[in-house]
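Position one of the sequence shown corresponds to residue 0 (numbering that gives the first Met the number 0), numbered consecutively onward. By construction, the Cβ of each residue, glycine as well, lies at the ideal position given by its N, Cα and C atoms. First comes the structure, then the notes that go with it.
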Amino acid sequence: MEFTEIITYAASAIKLRKLRAGLTILGIAIGITALVGLLAITQGFQISLKAQLQRGFATDTIVVTTQNLGFGYELKDFELLIEDAEIIERIDNVKQTIPMLQKTCYGNFSNYTIPISVVGVDFAKYESVYPESFKASAGSINSYENQSVAIIGKSVNDPWQNGTLLAEINRDFEILYTIRRDFEFVNETSYFTSIAILDEIGGATVGGPSDYSVYIPLERAKGFFNTTETSTIVVQVEQSDEESIAETSKKIEDAFDSQILVVSSASIYKTISSVMDQVQVLMTGVIAISLLVAGVGIMNIMIISLMERTREIGIMKAIGMKDGTVLAIFLSESLIMGVVGTLSGIGFGYLLALGVNNLDLLGGMISSATEGTVMGGIPSTPILTTTNLLSALFFGISVSILFGIYPAWRASRLEPVDALRYE
Numbered sequence: 000m001e002f003t004e005i006i007t008y009a010a011s012a013i014k015l016r017k018l019r020a021g022l023t024i025l026g027i028a029i030g031i032t033a034l035v036g037l038l039a040i041t042q043g044f045q046i047s048l049k050a051q052l053q054r055g056f057a058t059d060t061i062v063v064t065t066q067n068l069g070f071g072y073e074l075k076d077f078e079l080l081i082e083d084a085e086i087i088e089r090i091d092n093v094k095q096t097i098p099m100l101q102k103t104c105y106g107n108f109s110n111y112t113i114p115i116s117v118v119g120v121d122f123a124k125y126e127s128v129y130p131e132s133f134k135a136s137a138g139s140i141n142s143y144e145n146q147s148v149a150i151i152g153k154s155v156n157d158p159w160q161n162g163t164l165l166a167e168i169n170r171d172f173e174i175l176y177t178i179r180r181d182f183e184f185v186n187e188t189s190y191f192t193s194i195a196i197l198d199e200i201g202g203a204t205v206g207g208p209s210d211y212s213v214y215i216p217l218e219r220a221k222g223f224f225n226t227t228e229t230s231t232i233v234v235q236v237e238q239s240d241e242e243s244i245a246e247t248s249k250k251i252e253d254a255f256d257s258q259i260l261v262v263s264s265a266s267i268y269k270t271i272s273s274v275m276d277q278v279q280v281l282m283t284g285v286i287a288i289s290l291l292v293a294g295v296g297i298m299n300i301m302i303i304s305l306m307e308r309t310r311e312i313g314i315m316k317a318i319g320m321k322d323g324t325v326l327a328i329f330l331s332e333s334l335i336m337g338v339v340g341t342l343s344g345i346g347f348g349y350l351l352a353l354g355v356n357n358l359d360l361l362g363g364m365i366s367s368a369t370e371g372t373v374m375g376g377i378p379s380t381p382i383l384t385t386t387n388l389l390s391a392l393f394f395g396i397s398v399s400i401l402f403g404i405y406p407a408w409r410a411s412r413l414e415p416v417d418a419l420r421y422e
């Protein structure tokens, strides 16, 4: 028989047993759907994460912090002071330091009062390190004559994303900060003038500009909050290659006796990617089990088909059909079911990933799984790469062939006389 005849014969045999074949194809499709969906979601998220970290970090910066970043970065119980920036500046390869004084406050904008993160920072230095993200969409960052000025993040200005804008350039608003004095809580208030609204920045950042912050001059923040304690100092370096970054980071850690965290965008990306890879390996293992179950289903249906068609095989072999042809027919049947199931699974898997993204289910899962980490708020679009597509095809087709070999071999080894006597 010619190749096309073998495929046609195998397809007609599948059509005669539509229900069983359909259920077998469904089993393969479910496994491939889960595999493709997982790969598309995680691939898209990792690419988005890398882009956001590159935007939220400058490539020539190190961040010294005592904050809890999650993902293995432990919270440090250490009082880091703004004056400690001078210690860091004396270290080789350090170009400049930018201490940040950050507090959670309330902002009173006319008729609206919302929680805000207020960050005291040197505007000129901060802009020099983050020129692409610390950039005004309205107003001017460095046009002020006194210290009672503020730069407003995009999401602070439009917190409900419905066009209700809270801040106006050159208009005053009130910042309320609650402090504890002995056994009383006291509200400290002060008025600031909005001089600029930042462009939208996006997700992950440590030390870099954020959509959810209000920025005031560092000296004004020290007076308003009555403290010089800081949780973050951004360090700009002269040489930003991986080796120089690592060496400078080690010197900073040693200077503070390892009481602080020293991180870079590369180290955070590596840490988070490692966690994501472990989750992906675990999920892939679960999906592999489902594919094995689907493979057993293929073997089962092919063995049943062999038992039902024993006399048919005997007749074909009696009139001269070779063992190899019988083997090819049965393998073709399992291969067809595998290909149909795999292609269906790839399509459904990508649709599943898009559905998860459009319904914001991924955002919800990431928010709960990464609470207290640097990953919150990262948008992600599923991506199906050529490698992932080929991997899905390989696994789906391999399973169908692997589990179809034994029934096909048994069919090819049947003796015509024994097969014709089979009841």
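- Note: G206 is not bridge-paired with any residue in the DSSP secondary-structure output.
- Within the same chain, P406 come within 6 angstroms of I302 by CB-CB distance, once the 5 residues on both sides are set aside.
- I31 and K221 have their C-alpha atoms spaced approximately 57 angstroms apart.
- Counting only the Cα atoms, T112 lies some 10 angstroms from L175.
- In this structure, G344 places its C-beta atom within 8 angstroms of the C-beta atom of I27.
- Check the Cα spacing between V205 and each of T58, L281 and P216: the tightest is with T58.
- Judged by their CB atoms, Q42 and T385 are not nearer to each other than the 8 angstroms cut-off.
- Comparing alpha-carbon positions, the option among T64, S263, M275 and I29 lying closest to E242 turns out to be S263.
- P216 sits in a strand when the DSSP states are folded into three classes.
- Judged by DSSP secondary structure, L388 falls outside any beta strand (DSSP E) and instead within the alpha helix (DSSP H) spanning T385 to S411.
- About 7 angstroms separates the CB atoms of I259 and T64; that is less than 8 angstroms, so the two are in contact.
- Cβ contact annotation for S248 (same chain, cutoff 6 angstroms, sequence separation greater than five): I61 and V261, in chain order.
- The continuous alpha helix (DSSP H) containing T309 extends over residues T309 to A317.
- The alpha-carbon of I97 is positioned some 35 angstroms away from that of Q277.
- Here N145 is exposed, its C-beta having fewer than 16 other C-beta atoms within 10 Å.
- Following the DSSP letters along the chain, one finds N107 inside the beta strand (DSSP E) bounded by residues V93 to F108.
- Separation of D91 and A137 (C-alpha to C-alpha, rounded to the nearest whole angstrom) is 38 angstroms.
- Of the candidates R19, L48 and I286, L48 places its Cα closest to the Cα of T270.
- Contact between P216 and V148 holds, with the beta-carbon distance rounding to 7 angstroms and staying under 8 angstroms.
- Contact check for L34 against Q279 fails: the beta carbons are separated by 8 angstroms or more.
- C-alpha of G106 to C-alpha of F393: approximately 56 angstroms in a straight line.
- Nearest C-alpha to A39 among L351, E414, S411 and V398: L351.
- Taking the C-beta atoms as reference points, G337 is found nearer than 8 angstroms to I396.
- Closest option to D121, judged by alpha-carbon separation, among T7, M99 and S230: M99.
- G21 and V416 have their C-alpha atoms spaced approximately 33 angstroms apart.
- Distances from the CA of A293 to each of L401, T227 and I150 were compared; the closest alpha carbon is that of L401.
- By DSSP's assignment, I61 forms a beta bridge with V234.
- When only Cα atoms are considered, A84 and I232 end up about 7 angstroms apart.
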